[in-house]
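Visitor:
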Amino acid sequence: MSRTNRVRVRHCGSSMEENSSYTTDGDGGSTETPPTPTEGMTTVSHHYFGDSNGSDDAVSITIIESMKEDYGLFVWPCSVILAEYVWQQRSRFTGIRVVELGAGTSLPGLIAAKVGAHVILTDDSNRLEVLDNMRRVCELNNVKCEVMGLTWGVWDESIFSLQPQVILGADVLYDSSAFDNLFATVKFLLENAPGSVFITSYHNRSGHHLIEFLMVKWQLKCVKLLDGFSFLPSWKASGLSGNIQLVEIRV
Ligand SMILES: C[S@@+](CC[C@H](N)C(=O)[O-])C[C@H]1O[C@@H](n2cnc3c(N)ncnc32)[C@H](O)[C@@H]1O
Numbered sequence: 001m002s003r004t005n006r007v008r009v010r011h012c013g014s015s016m017e018e019n020s021s022y023t024t025d026g027d028g029g030s031t032e033t034p035p036t037p038t039e040g041m042t043t044v045s046h047h048y049f050g051d052s053n054g055s056d057d058a059v060s061i062t063i064i065e066s067m068k069e070d071y072g073l074f075v076w077p078c079s080v081i082l083a084e085y086v087w088q089q090r091s092r093f094t095g096i097r098v099v100e101l102g103a104g105t106s107l108p109g110l111i112a113a114k115v116g117a118h119v120i121l122t123d124d125s126n127r128l129e130v131l132d133n134m135r136r137v138c139e140l141n142n143v144k145c146e147v148m149g150l151t152w153g154v155w156d157e158s159i160f161s162l163q164p165q166v167i168l169g170a171d172v173l174y175d176s177s178a179f180d181n182l183f184a185t186v187k188f189l190l191e192n193a194p195g196s197v198f199i200t201s202y203h204n205r206s207g208h209h210l211i212e213f214l215m216v217k218w219q220l221k222c223v224k225l226l227d228g229f230s231f232l233p234s235w236k237a238s239g240l241s242g243n244i245q246l247v248e249i250r251v
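Start counting the sequence shown at 1; every next residue gets the next number (our numbering).
(1) What residue range does the alpha helix (DSSP H) around Arg135 cover?
(2) Taking the straight line between their C-alpha atoms, what separation do you get for Tyr22 and His47?
(3) In angstroms, rounded to a whole number, what distance separates the CA positions of Ser206 and Phe183?
(4) Across which residues does DSSP place Ser60 in a beta bridge pair?
(5) Can you look up Ile211 in the DSSP assignment and give me helix, strand or coil?
(6) Within this structure, are the beta carbons of Leu140 and Thr200 separated by less than 8 Å?
(7) Quick one: grab the DSSP three-state call for Cys145.
(8) With DSSP as the reference, please indicate the residues paired to Ser201 in a beta bridge.
(9) Closest by CA to Leu131, which one among Lys68, Asp156, Gly149, Arg90?
(10) Taking just the CA atoms, how far does Val172 sit from Asp180?
(11) For the beta strand (DSSP E) holding Val99, just list the boundary residues, first then last.
(12) Alpha carbons only, please: which of Thr43, Gly195, Thr151 is nearest the one belonging to Ala178?
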């Protein structure tokens, strides 16, 4: 599926320096340290977590995005919603092991790291550009996450020692042909770490009971289902659209 088949909504609650794109030779003259360029043009977006009055414990995350046609190089709306959920539940994330699947630009994982989780950001092992970008955003935000190639349904040795307490996945349920591989990985991680939970945000496009179907098929339990907009501050929600749900899943 190409990017043009999906609506990518510009986010509110974040600001984008569009057209302040860095040229590939890095001579854009920005006062910010330019991201090491990927192929094509990049842009930087800023994502704020805290109340609208600018509270003391507020956190801002900077993301490097690309204009290129690659799912892993944008901040998708599901990621904004999952990151906000992590922020609002931050006490739960302190000191725990978190793995983000299909992390792409990694906003939820980065905020989990900012609030004290030990985070392993993962994406398709074959998408080196996405993995490189993840390392850059970690540096840019001064967080120490591990970055690892993890392709759903592939059993590399490294997956056996992950044992996360929380697995995050934003907009990873977008291609039904990948659901089996994704859920094979999710189920393995959940069973390998007793008490762990998979928290995912996804577009419910069909209106059908996708999660119920997946829970029966994979013998998992959906322990929480929320409308993604129910906890999003209005100043963030106004720039997003779609039927986005957030679920917590356990064995
Ligand atoms: C729609 S993007 C979502 C990216 C990011 N989580 C967000 O919401 O902004 C889907 C992500 O899943 C990753 N992905 C797709 N297929 C994958 C696979 N088989 N194994 C691992 N990651 C995969 C893509 O590289 C991409 O980063």
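From the three backbone atoms N, C-alpha and C, an ideal C-beta is built for every residue, glycine too.
Guide: On the basis of the supplied data:
(1) 128-140
(2) Confidence in Tyr22 is poor, its pLDDT being 28 and thus under 50, which makes the residue's placement too unreliable to answer from.
(3) 19 Å
(4) Tyr48
(5) helix
(6) no
(7) coil
(8) Ala170, Leu246
(9) Gly149
(10) 12 Å
(11) 97-100
(12) Thr151
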